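Under my numbering, think of the first position of the sequence shown as 11, with each following residue one higher. Presented below is the structure to which this report refers.
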Amino acid sequence: MTDNPVLIAGGGIGGLATALTLNQIGVPCIVFEAVPDMRPLGVGVNLQPNAVRELYDLGITRADLDSVGLPAREWALVGLNGNDIYAEPRGQLAGYEWPQYAVHRGRLHMLLYEKAVERIGPQAVRLGCRVRGYRKNANSEVTALVEHADGRTTEADGALLIGADGIHSAVRAQMHPTQPPIHWGGAIMWRGTTWAKPIRTGASFVGLGTHRQRVVFYPISHPDPSTGLSMINWIAEVTVDNAEGWKQSGWFRPVAIGEFSHHFDGWTWDWLDVPSLLGRADCAFENPMIDRDPIPTWVDGPVALLGDAAHAMYPTGSNGASQAIVDARVLGAAMIEHGGTAAALAAYDARLCGPISRLVLRNRGAGPFGLLNIVDERCGGTFDNIDDVIPPEERTQFMAGYKAAAGFAIETLNKAPPTIPAGARVHHPHTT
Ligand SMILES: Cc1cc2nc3c(=O)[nH]c(=O)nc-3n(C[C@H](O)[C@H](O)[C@H](O)COP(=O)(O)OP(=O)(O)OC[C@H]3O[C@@H](n4cnc5c(N)ncnc54)[C@H](O)[C@@H]3O)c2cc1C
């Protein structure tokens, strides 16, 4: 047995959910985060009911989540003629015991960071510390190689290393040195936020257009009581020929609205004015839709991958952040069973790597937006009555198939026992 902590590379949503989980079950941990200052970066993300359940079990309350987002009420696909293709209630309105939240990614991130520092202490998250790689030791432990913001390099010994260092993961690159480069299917997303009046239910996710050109938008704040305006997250997306690969230098770069808004000229209906929504934005970022080919395992002895490092996926299913949170909890559950040991990592891998790798590939096939592909194939995207193009049963069946694969089938989730029972602790952190 050892007193060494579990080392976590990356203090994003996955790394911080892991730190909070390990702290809850009595396993000491340290997070190494590359950026020197934590700032509320990013725009909108969705937390599916399966992830909200885990956050509640971590003591993140509804009031906490209301301070960074709002409960989603509806998910809708609309054709280019402005007519509904599909709409369904979300969260508790759909029968889940837990809401779905649409949140500001940066604000959620800061909330988790503040909780981690408050509960674990100021030394819990070491900023300006980039994990460059790892060395497995003869005593079954691991050493992380850490590069500091000032250029110094140090080593940190740990019982385990969790690589939660995102899509460009250094831990994954060492674990799978022959992995192919990042995969880009040709879709370019421009993301931003605009203060505007929320439409439909007041908390609706709307995907409008075709599978090759669309806008997605949804509010990520409660309306301001004095103006009635919410922060609306939007994603404007076109698909281009990807034969030459991604030519821009960065993966997430600020852009001027004029660089892309012409793709959406004329996208105006009596209930929505897309050029105006884009034109009044606070900020906009260009971001190719990228993921990584699945790998056969997320584990190398005392080292495991988690979150985007394990399974970066297209955002079509709105489940990247949710899955990172669920990963952290499944890892915690495995440690309750096996201690903070490599056996726990193997159990975590056995439970998630196969099904979530299949989900990555399923999202590549357009995820729930696949309905837009079907409409496009059958009628070129224009229709008078959607029932003549895809009967209601076929639409419902299509969506049910996706939800089951993504782990948010309503009955299954409502009936599932907590991933980590209340009060469960790992008594001897590094022995089984
Ligand atoms: C700046 C930023 C903005 C984002 N904005 C959006 C958004 O608007 N919408 C959306 O859907 N998704 C966004 N994402 C992605 C989304 O947060 C993730 O898909 C999801 O939350 C899974 O989280 P993760 O913790 O696995 O990865 P990430 O959120 O990517 O977190 C990884 C963390 O690890 C750190 N890191 C990277 N390499 C190292 C290293 N070698 N050593 C130590 N630390 C390292 C990074 O700085 C980051 O904090 C964003 C991610 C980032 C980093």
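Glycine residues also receive a C-beta, built at the ideal position from the N, C-alpha and C atoms. Computed from a prediction, not measured in an experiment: that's the story for all the values here.
Are the CB atoms of residue j and residue i within a distance shorter than 8 Å?
{"i": "Gly195", "j": "Gly391", "result": "no"}
{"i": "Ile198", "j": "Val248", "result": "yes"}
{"i": "Ala27", "j": "Leu122", "result": "yes"}
{"i": "Val370", "j": "Arg388", "result": "no"}
{"i": "Ala61", "j": "Ile300", "result": "no"}
{"i": "Leu218", "j": "Arg224", "result": "yes"}
{"i": "Gly202", "j": "Trp244", "result": "yes"}
{"i": "Gly350", "j": "Val436", "result": "yes"}
{"i": "Val156", "j": "Ala166", "result": "yes"}
{"i": "Pro325", "j": "Ser367", "result": "no"}
{"i": "Val113", "j": "Val78", "result": "yes"}
{"i": "Ile100", "j": "Glu84", "result": "In the sequence under discussion, the amino acid at residue 100 is Arg, which differs from the Ile named in the question. Cβ atoms of Arg100 and Glu84: closer than 8 Å."}
{"i": "Trp108", "j": "Arg49", "result": "no"}
{"i": "Tyr106", "j": "Pro38", "result": "no"}
{"i": "Asn56", "j": "Ser240", "result": "no"}
{"i": "Ala434", "j": "Ile35", "result": "yes"}
{"i": "Asp175", "j": "Gly20", "result": "yes"}
{"i": "Ala354", "j": "Met345", "result": "yes"}
{"i": "His221", "j": "Asp386", "result": "yes"}
{"i": "Arg339", "j": "Thr31", "result": "yes"}
Taking residue i as the reference, which of the options has the closest Cα?
{"i": "Tyr358", "options": "Leu369, Ile366, Leu341 and Glu347", "result": "Leu341"}
{"i": "Leu316", "options": "Gly330, Pro325, Thr326 and Tyr324", "result": "Gly330"}
{"i": "Ala159", "options": "His186, Ala353 and Ala44", "result": "Ala44"}
{"i": "Ala82", "options": "Pro208, Gly219 and Ser214", "result": "Ser214"}
{"i": "Tyr111", "options": "Ala183, Ile70, Val16 and Ala320", "result": "Ile70"}
{"i": "Arg136", "options": "Arg302, Pro325, Gly25 and Glu98", "result": "Gly25"}
{"i": "Ile177", "options": "His186, Met323, Lys207 and Glu296", "result": "Met323"}
{"i": "Arg374", "options": "Met48, Arg302, Pro431 and Gly105", "result": "Arg302"}
{"i": "Ile40", "options": "Asn395, Ile267 and Val141", "result": "Val141"}
{"i": "Leu171", "options": "Asn147, Phe274 and Ile95", "result": "Asn147"}
{"i": "Ile396", "options": "Leu87, Gly131, Val78 and Val284", "result": "Leu87"}
{"i": "Met444", "options": "Leu17, Asp74, Val156 and Asp94", "result": "Any question about residue 444 goes unanswered here, given that the chain covers just 11 to 442."}
{"i": "Ser271", "options": "Asp280, Glu296 and Ala253", "result": "Glu296"}
{"i": "Phe418", "options": "Gly20, Ala104, His221 and Val78", "result": "Ala104"}
{"i": "Asp318", "options": "Arg263, Pro306, Asp337 and Gly311", "result": "Asp337"}
{"i": "His186", "options": "Pro306, Glu151, Leu17 and Cys139", "result": "Pro306"}
{"i": "Ala343", "options": "Leu68, Gly260 and Ala19", "result": "Leu68"}
{"i": "Gln102", "options": "Leu423, Pro431, Pro428 and Ala432", "result": "Leu423"}
{"i": "Asn91", "options": "Gly364, Ala414 and Trp279", "result": "Trp279"}
{"i": "Ala97", "options": "Pro46, Ala29 and Pro378", "result": "Pro378"}
{"i": "Asp269", "options": "Thr429, Ser179, Trp200 and Ala410", "result": "Note that residue 269 corresponds to Glu in the displayed sequence, not to Asp. It is Trp200."}
{"i": "Arg405", "options": "Leu382, Pro427 and Ile420", "result": "Leu382"}
{"i": "Val216", "options": "Pro191, Ala246, Pro233 and Gly238", "result": "Ala246"}
List the whole-angstrom C-beta distance separating residue i from residue j, where the pair is believed to meet the contact cut-off of C-beta under 8 Å.
{"i": "Leu287", "j": "Ile242", "result": "7 Å"}
{"i": "Gly54", "j": "Tyr228", "result": "7 Å"}
{"i": "Phe42", "j": "Ala154", "result": "7 Å"}
{"i": "Leu80", "j": "Ser231", "result": "6 Å"}
{"i": "Gly168", "j": "Asn33", "result": "That pair is no contact at about 15 Å."}
{"i": "Asp292", "j": "Thr204", "result": "7 Å"}
{"i": "Gly116", "j": "Gly52", "result": "5 Å"}
{"i": "Ala314", "j": "Gly173", "result": "7 Å"}
Please check if any C-beta of chain C sits within less than 8 Å of the C-beta of residue i.
{"i": "Asp386", "result": "Protein chains in the displayed structure number just one, and chain C is not present."}
Margin query: Report the start-end ranges of each alpha helix (DSSP H) in the stretch 356-422 that is 4 residues or longer and not cut off at the edges.
Written below: 380-389, 396-399 and 402-416
Notebook entry, point to check: What are the complete beta strand (DSSP E) segments, minimum 3 residues, inside the stretch 83-107?
Noted result: 84-88 and 94-99
Checklist line | Runs of beta strand (DSSP E) lying entirely within the stretch 115-142, each at least 3 residues, in chain order | finding: 135-137
Check: Which full runs of the alpha helix (DSSP H) of 4+ residues lie inside the stretch 25-85, going along the chain?
Finding: 59-67 and 72-76
Check: What are the complete beta strand (DSSP E) segments, minimum 3 residues, inside the stretch 294-349?
Finding: 313-315
Checklist line | Runs of alpha helix (DSSP H) wholly within the stretch 176-201 (minimum 4 residues, chain order) | finding: 180-185
Checklist line | Segments assigned beta strand (DSSP E), at least 3 residues, entirely inside the stretch 212-267 | finding: 214-219, 223-229 and 240-249
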